[in-house]
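K.L.:
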Amino acid sequence: MEPFREAIEAAREAYESQPPVTRWYFSISCAVSALCFSGVLTPDLLFLSWHLVIFKMQVWRVLTCFLYQGALGLPLLWHAYVSVMYCSRLEGESFRGRPADFLWMVSVFAGLLLLLSLAFEEYFLAGGLHNAILYLFSRRNPGARLSLMNVTVRAPYLPWLFATASLFMGGDFQDDLMGIAAGHVYYYFEDIYPLLPSSKGARVFATPRALALWCGQRG
């Protein structure tokens, strides 16, 4: 029993050490997947359908399409690994002490992916959201060398490796490409555009002050 207790304690400490937004997103996603696995929910209630959203007022679908990670199996574990590892690192490093900024970034990614889904039919967007986060992480850590599945790559290539690995595991390549596109749009307007003389320092995706106050973020 002692090794089991130690494993539980280690898992609890690892969970509690995660930054707040990452921890909540991971928890809700796991809860949704568990409810689907137990039969309480079905993916039919969660997938994105603009027809159902607009004409049937099933507005929850614009949120639940980001929470369902897939059926229990390797793709689910893969997405869980990426969401915990790189979402946590991005929030804990680039957004340290700025939970409102990180939450707003995730919201911007979600909005961009929903816009892209109007042109490219996609029912679940969790993979795209993960790859958008991964893309931003890779751009903000260009010199980092990371190991993924025993393959060491430079950070800028990581989103493409993730998309390829997801494809081979039965995932959807299109939503990963949508994630890269969303990540690049955010990266350009947040990290490059404000530095251009013509921008006069304007930030297109500046965090709303109300959200910063709600999250208790200062500065």
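Going by numbering that gives the first Met the number 0, the sequence shown opens with residue 0, and the numbers climb by one from there.
Even glycine gets a Cβ: it sits at the ideal position worked out from N, Cα and C.
(1) Would you report the Cα separation of valine 31 and phenylalanine 123, rounded to the nearest angstrom?
(2) Less than 7 Å between the beta carbons of phenylalanine 65 and alanine 181, yes or no?
(3) Could you say if the segment 199–217 and the segment 161–179 meet the contact criterion of at least three C-beta pairs nearer than 8 Å?
(4) Measure from the C-beta of serine 116 to each C-beta in chain B and report whether the shortest distance is under 7 Å.
(5) Would the beta-carbon of glutamate 8 be found less than 6 Å away from any heavy atom of the ligand ADP?
(6) Looking only at C-alpha atoms, which of Asp100, Trp213, Asp43, Ser116 sits nearest to glutamate 189?
(7) Quick check on threonine 206: does DSSP put it in helix, strand or coil?
(8) Looking at C-beta atoms only, is the number of pairs between the segment 42–62 and the segment 87–106 that lie closer than 8 Å three or more?
(9) Which residue wins for smallest C-alpha separation from phenylalanine 172, given the options Ser197, Phe136, Phe119?
(10) For glycine 127, count neighbouring C-beta atoms within 10 Å of its own C-beta (all shown protein chains included) and say buried if the count is 16 or more, exposed if not.
(11) Roughly how many angstroms separate the alpha carbons of serine 197 and tyrosine 187, rounded to a whole number?
(12) Spatial neighbours of leucine 34 within its chain, please: C-beta separation below 7 Å, excluding the five flanking residues on both sides.
(13) What is the DSSP secondary structure of leucine 89, reduced to helix, strand or coil?
(14) Among the candidates Val81, Leu157, Gly178, whose CA atom is the shortest distance from the CA of leucine 113?
(15) Cα-Cα, which of Ile132, Arg144, Val81 is closest to serine 93?
(16) Distance, Cα to Cα, phenylalanine 232 vs phenylalanine 25?
(17) Beta-carbon within less than 6 Å of leucine 166's beta-carbon, same chain only, minus the 5 sequence neighbours each way: which residues are those?
(18) What are the start and end residues of the alpha helix (DSSP H) that includes arginine 138?
(19) For arginine 202 and glutamate 8, I'd like the C-alpha separation in whole angstroms.
(20) For methionine 177, report the span of its alpha helix (DSSP H) as first-last.
P.N.:
Walking through what the data contain:
(1) Computed Cα separation, rounded: 13 Å.
(2) The Cβ atoms of phenylalanine 65 and alanine 181 lie no closer than 7 Å to each other.
(3) With a cut-off of 8 Å, the segment 161–179 and the segment 199–217 do not count as touching, because too few Cβ pairs lie within range.
(4) Looking at the structure shown, chain B is missing, and only one protein chain is on hand.
(5) The model on display carries no ligand, and the ligand ADP is accordingly not part of it.
(6) Checked all of Asp100, Trp213, Asp43, Ser116; the closest Cα to glutamate 189 is Asp100.
(7) When DSSP states are grouped into helix, strand and coil, threonine 206 belongs to the coil group.
(8) The segment 42–62 is not in contact with the segment 87–106.
(9) Answer by Cα proximity: Phe119.
(10) Buried, by the Cβ-count rule.
(11) Straight through space, the alpha carbons of tyrosine 187 and serine 197 are spaced by roughly 14 Å.
(12) Result list for leucine 34: Leu40, in chain order.
(13) In this structure, leucine 89 counts as helix in the three-state DSSP scheme.
(14) Comparing Cα-Cα distances from leucine 113 to each of Val81, Leu157, Gly178, the minimum goes to Gly178.
(15) Of Ile132, Arg144, Val81, the residue nearest in Cα terms is Ile132.
(16) This structure gives no information on residue 232, because the portion of the chain shown stretches from 0 to 218.
(17) Taking leucine 166 as the centre and dropping the five residues before and after it, the same chain places the C-beta of Phe172 closer than 6 Å to its C-beta, in chain order.
(18) Per DSSP, the continuous alpha helix (DSSP H) segment holding arginine 138 begins and ends at 125–139.
(19) In this structure, the straight-line span from the alpha carbon of arginine 202 to that of glutamate 8 is close to 43 Å.
(20) DSSP places methionine 177 in the uninterrupted alpha helix (DSSP H) bounded by 172–186.
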